[in-house]
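For reference, the structure is listed below as structure tokens.
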Amino acid sequence: MNSLPKIAKSNLSEQVYDSIRSSLMEGRYQPGERLTIASLAEQLGVSITPVREAIFRLVTERALEMRAATSIHVRRLTPAELREIQTIRHHLEGEAAACAALRIQPKALRELETLQAEFTKAAASDPVEASRVNREFHFRLAEAAEMPQIYAIVEGMWAQMGPLIHLYHLNTPVRVLVSGDHGHYPLLRALAARDPEAARSAIQADIGVGTVMVEWLEANEPA
């Protein structure tokens with residue numbers, strides 16, 4: 137069972153929402169996994185009401201689905217849905233990377249380089265941590281672009297596909313994840329060179345690797 141950090145008393149609904157949403161982004165839940173309001177409330181140390189409010193928000197955002205009043209599940213994306221998300225990410229994160237190449241500050245670039253080193257270390261032994269750091273890398277890139285609308289849209293995409301990205305890290309050979317050919321490295325070089333088109337191409341190529349997740353869904357889709 138996943139263990140979530142206890143929530144402080146102020147602004148409970150928002151904090152509960154942020155906690156569950158972050159767990160989805162980080163792949164702490166499996167596609168199709170059933171969640172219960174009572175269990176989440178116990179883990180977070182809060183009452184049922186803020187958890188219920190957070191669940192309703194996440195259902196509206198299509199990160200969770202409610203099949204009955206007490207039946208809440210992590211959504212299983214269809215191949216078509218994931219392909220659409222990949223297309224959106226291709227264009228929006230590509231534009232964000234191009235803008236980041238022109239705007240990124242040295243400190244932010246160093247932070248991205250540190251995150252990539254952390255990802256390489258985590259990928260060898262901790263898929264959950266690898267998923268978290270990978271997400272953080274992409275979000276920091278979007279922050280460096282200084283495009284808050286793109287950031288918000290991309291964040292919503294990650295809430296839906298986080299569980300699948302975790303499965304990707306679980307099922308991809310470690311040698312691929314820790315390879316010097318990983319897609320983040322050409323991106324980092326493009327950012328350092330302040331080359332917007334190279335940055336765009338690098339992040340789009342990295343996102344394109346997600347095609348294997350679409351293929352996996354197609355192969356395992358119920359008849």
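Here the sequence shown stands for residues 137 to 359, numbered as in our numbering. Positions of the beta carbon are idealized from the N, C-alpha and C atoms, including for glycine.
In the DSSP assignment, what residue or residues form a beta bridge with residue i?
i, result
"Ile208", "Leu171 and Met202"
Can you have a look at residue i and say buried or exposed, based on whether 16 or more other CB atoms are within 10 angstroms of its CB?
i, result
"Arg211", "buried"
"Asp317", "exposed"
"Arg325", "exposed"
"Arg198", "exposed"
"Pro242", "exposed"
"Asn270", "buried"
"Ala237", "buried"
"Arg246", "exposed"
"Val350", "buried"
"Leu213", "buried"
"Ala278", "buried"
So residue i packs on residue j, CB below 8 angstroms; how close in whole Å?
i, j, result
"Ser149", "Leu180", "Not a contact, Cβ separation roughly 11 angstroms."
"Ala280", "Ala253", "Ala280 to Ala253, Cβ: 18 angstroms. No contact."
"Leu228", "Ile289", "6 angstroms"
"Glu231", "Ile286", "7 angstroms"
"Leu176", "Val187", "5 angstroms"
"Trp294", "Met161", "5 angstroms"
Taking the C-alpha atoms as reference points, what is the distance between residue i and residue j?
i, j, result
"Ile339", "Ala259", "19 angstroms"
"Arg170", "Arg203", "10 angstroms"
"Met283", "Lys257", "30 angstroms"
"Glu291", "Glu249", "21 angstroms"
"Ala328", "Val152", "38 angstroms"
"Glu220", "Ser183", "37 angstroms"
"Ala174", "Asp331", "50 angstroms"
"Asp342", "Ala335", "11 angstroms"
"Leu323", "Ala233", "8 angstroms"
"Arg276", "Thr172", "32 angstroms"
"Ser207", "Arg164", "19 angstroms"
"Gly168", "Ala355", "16 angstroms"
"Tyr321", "Phe255", "12 angstroms"
"Cys235", "Ser337", "12 angstroms"
"Thr185", "Arg239", "42 angstroms"
"Glu189", "Thr196", "11 angstroms"
"Ala266", "Glu178", "27 angstroms"
If we cut at 8 angstroms on Cβ distances, does residue i have a partner in chain D?
i, result
"Ala355", "Although the question refers to chain D, the structure presented lacks it and comprises just one protein chain."
Would you mind reading off the limits of the alpha helix (DSSP H) that contains residue i?
i, result
"Glu189", "Ile184 to Thr196"
"Tyr321", "His320 to Ala328"
"Ala253", "Pro242 to Ala259"
"Ala280", "Pro263 to Ala280"
"Tyr153", "Leu148 to Met161"
"Asp331", "Premise fails: Asp331 is in no alpha helix (DSSP H) and is neither H nor E."
"Val345", "Taken as a continuous stretch (DSSP letters only), Val345 belongs to no alpha helix (DSSP H), as it is neither H nor E."
"Gln78", "The structure shown does not extend to residue 78, since the chain is modelled only from 137 through 359, so no value can be given for it."
Nearer than 7 angstroms: is that true of the beta carbon of residue i relative to any heavy atom of the ligand ADP?
i, result
"Gly168", "What this structure holds is no ligand at all, so the ligand ADP is not there to describe."
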